[in-house]
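Going line by line, the protein sequences match chains F, S and G.
For the first sequence, the residue numbers in our numbering are 1 to 352.
For the second sequence, the residue numbers in our numbering are 1001 to 1352.
For the third sequence, the residue numbers in our numbering are 2001 to 2352.
What follows is a short report on a single structure.
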Amino acid sequence: MWLRNCWYVIAWDHEIPAADVPEMFSRTVLGEPVLVYRTSAGALVALQDRCCHRLAPLSKGRREGDCVRCGYHGLKFDAQGQCVEAPGIPIVPEKARVRAYPVVQKNKWVFVWMGDPALADTALLPDNFSCEHPDWRNKPGYMHYDTPYLLICDNLLDFSHLSYVHEKSLGGSAQIAQAVPTIEKVAGPRGDWPQIGIKVSRRVANVPAPPFYQRFRSFDTPLDRWFVYEFLLPGTLLMHSGGRPVTDAPDDLSRAVRLHSCQTLTPETETSTHYFFQQSHPADQGDASVTESIYNSLIGAFNEDRDMITAQHRSIQRDPDAPMLPLAMDSALLQFRRLVAARAQMESTKPI
Amino acid sequence: MWLRNCWYVIAWDHEIPAADVPEMFSRTVLGEPVLVYRTSAGALVALQDRCCHRLAPLSKGRREGDCVRCGYHGLKFDAQGQCVEAPGIPIVPEKARVRAYPVVQKNKWVFVWMGDPALADTALLPDNFSCEHPDWRNKPGYMHYDTPYLLICDNLLDFSHLSYVHEKSLGGSAQIAQAVPTIEKVAGPRGDWPQIGIKVSRRVANVPAPPFYQRFRSFDTPLDRWFVYEFLLPGTLLMHSGGRPVTDAPDDLSRAVRLHSCQTLTPETETSTHYFFQQSHPADQGDASVTESIYNSLIGAFNEDRDMITAQHRSIQRDPDAPMLPLAMDSALLQFRRLVAARAQMESTKPI
Amino acid sequence: MWLRNCWYVIAWDHEIPAADVPEMFSRTVLGEPVLVYRTSAGALVALQDRCCHRLAPLSKGRREGDCVRCGYHGLKFDAQGQCVEAPGIPIVPEKARVRAYPVVQKNKWVFVWMGDPALADTALLPDNFSCEHPDWRNKPGYMHYDTPYLLICDNLLDFSHLSYVHEKSLGGSAQIAQAVPTIEKVAGPRGDWPQIGIKVSRRVANVPAPPFYQRFRSFDTPLDRWFVYEFLLPGTLLMHSGGRPVTDAPDDLSRAVRLHSCQTLTPETETSTHYFFQQSHPADQGDASVTESIYNSLIGAFNEDRDMITAQHRSIQRDPDAPMLPLAMDSALLQFRRLVAARAQMESTKPI
């Protein structure tokens, strides 16, 4: 289950080659291979990566100016997906075209809109500001999952797993799991999106600094930690997190660790997912080696998640009807799944 | 097709770690992953290897005393499968539990009962005495098959294949295939198991010693050989076999080779199988090198079987409706298949 | 979709071992594994490679004279597929037999008839003369495809792909794609085969010599090129092709490149295909190094085809209901697909 009328991240901007590079970029989103390239003027183009003639992937062809030519029988398509040349055919039929998708870049994330193009509204783009902001620094990350995207949403919506999956990395204390988070609705910017996500605020008092924080400075007292994030449709996490020595005054952040993280999930197929992420630190705290070490911590921790979620997915596949037992900690993830289901239901009754 | 109300071997005892070892043992039986561990008192515990909360495998968690804790969100289960702690939840619901299976060890084989626990009766355990007996010596073996378990039962119920599959190893003569075995019913220890298996007795006169016998002593005359075994539900072979120089008096076993073998098949999935086996020689005949060489012969011969049965399985998968042609040599295997089918039918009408 | 009442190439003659070689040859055709061997008199035998008893592949057994013996339980079959010996069974039942297929060799191709043996008529064999002819030389080739065979037929029936897939190998000019071929029906030798294929003639004037032609001689003028071929049921291409300097008189072939190519496709399964091919040059033009270089060119170009068709096949598998857009260049391939469909329909109403 997934939504179509949403912006999905298909790539980091650096993954899309410049106009003068012959290689083309293609990635599958919601089961559809999508070709993304830049025109000579720098505009982004997203086309269905499948020739309308015999269904060969256009990405096995070549760029010709702002057009692409299929490498099988030579049909040439412009940036709107219209076939403008077919060898040996004087008049190309109007219906010779491939689908073009709305595509937009914001703060280094390249988004495509897989649903009704008339509904694509950039007001719905998430505020992934720290991906590209002079006050913040990060190293962008990408990871591929062989699991459905909702299982990863579940993971991101219940940080109690930090105590167990990430015991030796991001977590470090059973108190994270024991803390009860505050859960609030996030309303959308438009009236037809009354709720676009969930805000989760989890504060944990007087816990040891996780190993990962020691990269900033050496902490010799416990910390008060916080994780405050929005988790937005279709699957984007925007989080402020940090920790402050318990001995410091509540309004004194001088020795605090402060982070901002943008993470987003894009279904590749029913059972595989693209994961784009970064965790930023303030530009005036920490140098390039801190940026690198935060990135490496994240990769390490996200591999722990992927191991667990992949094992969970295999377990579910073995017995797809096995019931899960809802517990208090599932509150946010269940609310998010209901939100996805409700919007999927709306889309299915108004088919695009 | 398989039976549930049976004891299945899940492991050799040495495969289950001691209580103070952090690693946990998990193996799939009848499509269900089962976690097996020992309490500090040494008792065996077998639990469904799937957390009742979000279905993650418990074996990716950790031991805590005689309990196991899930590595995803930290639920803790006791040796009866009851959840005794869930982080952040003051009162754990009664229904938070995983299935516990009856588990028992006999002569180094660890058995689980996958059906109705109320029917689990140790009187039904097979007499695998030579697996652990002062008069016998062996080296335990394990092999994994990517075929349904009944195809391997078939193989063990028709030793005519020794002449062809094992021509150069266990077999050595077409006379084995030509000999007609005696086939008898084996009654169970309880009235509700009127037949639990088949006894097959095959005697072959005046044949060369198989290459494998030469490890005991050098034979310069032909042998009279015998293979006398019970093949019991769900898939256990208990066999006395041997050979005696034809020149020796019938009651003179002084120069005979005598072996006792215990082998058992446990379905992993519909199309894969666990195979546990050993072939024992008398403790007073042959030293450790003989034990090792019997083991190596067995591994070699069982690889020959696996190659053939795997090829047979692929052939069947290509055309699942292709009929087999019953011949006289199939008498025991057809009888066993009818026995399994009849009991499976009983189980399906009294669902557990 | 495929036809059964056809001759399919199962092997080049050199692939079938001589009678005194213990190894046996087996290859799957139309989903059925077929064992092919030679009798001591040199006659070809083709038997279903699956014992009628327990369905083990006969090719895992052994030759015994002109018979084969199953390696599982020892059944022995003669060259007609009749079981002539079953260990321990005094009288072998008449129905103990495996299917024998009509098999014939013509010009180094070994053909089997997978349908009704009564309809097998060698008059239907294609004229693959250059595979074995004193006036022609070639090196035989074989390639395996993980795609349905009809996608490869499509490729061979529309040479416009030469301009794009083989731009740097066999092709070399967009004019090949722009040229409009002549398409004619090919009638069969028997009244019940009113059409057995399609003749495609494509002439391209004044184009550069393809890189591959430079192996014969160095061309310093453009060429007039021709590709004239029959594409016959079930999937055989017989082609005369060549090129002549535009400066030469129309009837002067003294500096022309002339080639004859025989290629044939045999479905292995619904989604995989055997491809047998050669491209011959006149025996009096070019030496062994030319033969080798033509072969290498062909392998290179056929790998280009396989890459493209495999990508096309994956694209189709992702969305099996996606429509293709018929264009003028598809005329021959659509006609051939209709021909196959019509005959498949005939076979399904007169089941064999």
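For each residue, glycine too, the CB sits at the ideal point set by N, CA and C.
Under 8 Å Cβ-Cβ, which residues of chain G neighbour residue i?
i	result
residue 1166 (chain S)	What residue 1166 (chain S) touches in chain G: nothing, since even the nearest Cβ is about 10 Å away.
residue 72 (chain F)	2161, 2164, 2165, 2308, 2312
What is the C-beta distance between residue i and residue j, in whole angstroms, given that I count them as a contact (C-beta under 8 Å)?
i	j	result
residue 47 (chain F)	residue 100 (chain F)	5 Å
residue 29 (chain F)	residue 112 (chain F)	6 Å
residue 1325 (chain S)	residue 2095 (chain G)	7 Å
residue 1317 (chain S)	residue 1131 (chain S)	With a Cβ gap of about 34 Å, residue 1317 (chain S) and residue 1131 (chain S) do not count as contacting.
residue 149 (chain F)	residue 2 (chain F)	7 Å
residue 2386 (chain G)	residue 2310 (chain G)	In this structure chain G extends from 2001 to 2352, so residue 2386 (chain G) is not present and cannot be described.
Considering only the alpha carbon of each residue, which of the options lies closest to residue i?
i	options	result
residue 2057 (chain G)	G:2033, G:2043, G:2290	G:2033
residue 105 (chain F)	F:35, F:8, F:282, F:200	F:8
residue 73 (chain F)	G:2345, G:2305, G:2335, G:2144	G:2305
residue 2232 (chain G)	G:2344, G:2162, G:2197, G:2319	G:2197
residue 2225 (chain G)	G:2208, G:2236, G:2214, G:2237	G:2208
residue 2005 (chain G)	G:2119, G:2180, G:2195	G:2119
residue 1020 (chain S)	S:1029, S:1068, S:1109	S:1068
residue 40 (chain F)	F:27, F:316, F:63, F:260	F:63
residue 1169 (chain S)	S:1295, S:1349, S:1310, S:1079	S:1295
residue 261 (chain F)	F:129, F:49, F:158, F:150	F:129
residue 2055 (chain G)	G:2093, G:2092, G:2098, G:2024	G:2098
residue 1015 (chain S)	S:1297, S:1182, S:1333, S:1140	S:1140
residue 22 (chain F)	F:60, F:49, F:53, F:153	F:60
residue 37 (chain F)	F:110, F:195, F:256, F:307	F:110
residue 1117 (chain S)	S:1213, S:1102, S:1297, S:1161	S:1102
residue 42 (chain F)	F:88, F:66, F:180	F:66
residue 2301 (chain G)	G:2344, G:2159, G:2194	G:2159
residue 288 (chain F)	F:31, F:215, F:179	F:215
residue 235 (chain F)	F:173, F:157, F:182, F:303	F:157
residue 1164 (chain S)	G:2181, G:2087, G:2329	G:2087
residue 332 (chain F)	F:24, F:250, F:270, F:183	F:183
residue 2092 (chain G)	S:1341, S:1345, S:1328	S:1328
In terms of residue numbering, what span does the alpha helix (DSSP H) encompassing residue i cover?
i	result
residue 370 (chain F)	Absent from the structure is residue 370 (chain F), since the part of chain F shown begins at 1 and ends at 352.
residue 300 (chain F)	288-318
residue 2111 (chain G)	Not the alpha helix (DSSP H): residue 2111 (chain G) falls in the beta strand (DSSP E), residues 2109-2113.
residue 340 (chain F)	331-349
residue 178 (chain F)	175-178
Could you tell me the boundaries of the beta strand (DSSP E) in which residue i lies?
i	result
residue 1223 (chain S)	1223-1232
residue 2046 (chain G)	2044-2048
residue 2205 (chain G)	2197-2207
residue 1183 (chain S)	1182-1186
residue 1263 (chain S)	1257-1269
residue 2217 (chain G)	Here residue 2217 (chain G) belongs to no beta strand (DSSP E), and DSSP marks it neither H nor E.
residue 2282 (chain G)	2272-2282
residue 2250 (chain G)	From DSSP, residue 2250 (chain G) is part of no beta strand (DSSP E); its letter is neither H nor E.
Chain S partners of residue i, CB-CB under 8 Å?
i	result
residue 2162 (chain G)	Those within 8 Å of residue 2162 (chain G) in chain S number zero; the least Cβ separation is about 37 Å.
residue 316 (chain F)	1055
residue 2063 (chain G)	None at all; the shortest Cβ gap to chain S is about 14 Å.
residue 2042 (chain G)	What residue 2042 (chain G) touches in chain S: nothing, since even the nearest Cβ is about 28 Å away.
List the residues of chain F that residue i touches, going by C-beta distances under 8 Å, in chain order.
i	result
residue 1087 (chain S)	160, 163, 174, 177, 178, 329
residue 983 (chain S)	There is simply no residue 983 (chain S) to check, as chain S begins at 1001 and stops at 1352 in what is shown.
residue 1095 (chain S)	325
How would you list, in chain order, the residues of chain S whose beta-carbon sits under 7 Å from the beta-carbon of residue i?
i	result
residue 324 (chain F)	1053, 1054, 1055
Using a C-beta to C-beta distance shorter than 9 Å, which residues of chain F count as neighbours of residue i?
i	result
residue 1031 (chain S)	318, 319
At a CB-CB cut-off below 7 Å, which residues of chain F make contact with residue i?
i	result
residue 1027 (chain S)	Within chain F, no residue comes near residue 1027 (chain S); the closest Cβ sits about 14 Å away, beyond 7 Å.
What residues of chain S sit near residue i, judged by a beta carbon separation below 9 Å?
i	result
residue 2338 (chain G)	Those do not exist, as residue 2338 (chain G) stays about 30 Å from chain S at its closest Cβ, beyond 9 Å.
Whose Cβ in chain G lies nearer than 9 Å to the Cβ of residue i?
i	result
residue 202 (chain F)	Ordered by position in chain G, no residue passes the 9 Å Cβ test against residue 202 (chain F), which lies about 40 Å from the chain.
Q. Between the region 1261-1278 of chain S and the region 1171-1190 of chain S, do three or more beta carbon pairs fall short of 8 Å?
A. no
Q) For the region 275-288 of chain F, which residues have a CB atom closer than 9 Å to at least one CB atom of chain A, in sequence order? A) The chain inventory of the structure shown lacks chain A, comprising the protein chains F, S and G.
Q) Do the region 127-138 of chain F and the region 280-294 of chain F meet, that is, are 3 or more Cβ pairs less than 8 Å apart? A) Under the three-pair Cβ rule at 8 Å, the region 127-138 of chain F counts as touching the region 280-294 of chain F.
Q: Specify whether the region 1242-1253 of chain S and the region 1211-1221 of chain S touch according to this definition: at least 3 beta carbon pairs, one from each stretch, less than 8 Å apart.
A: yes
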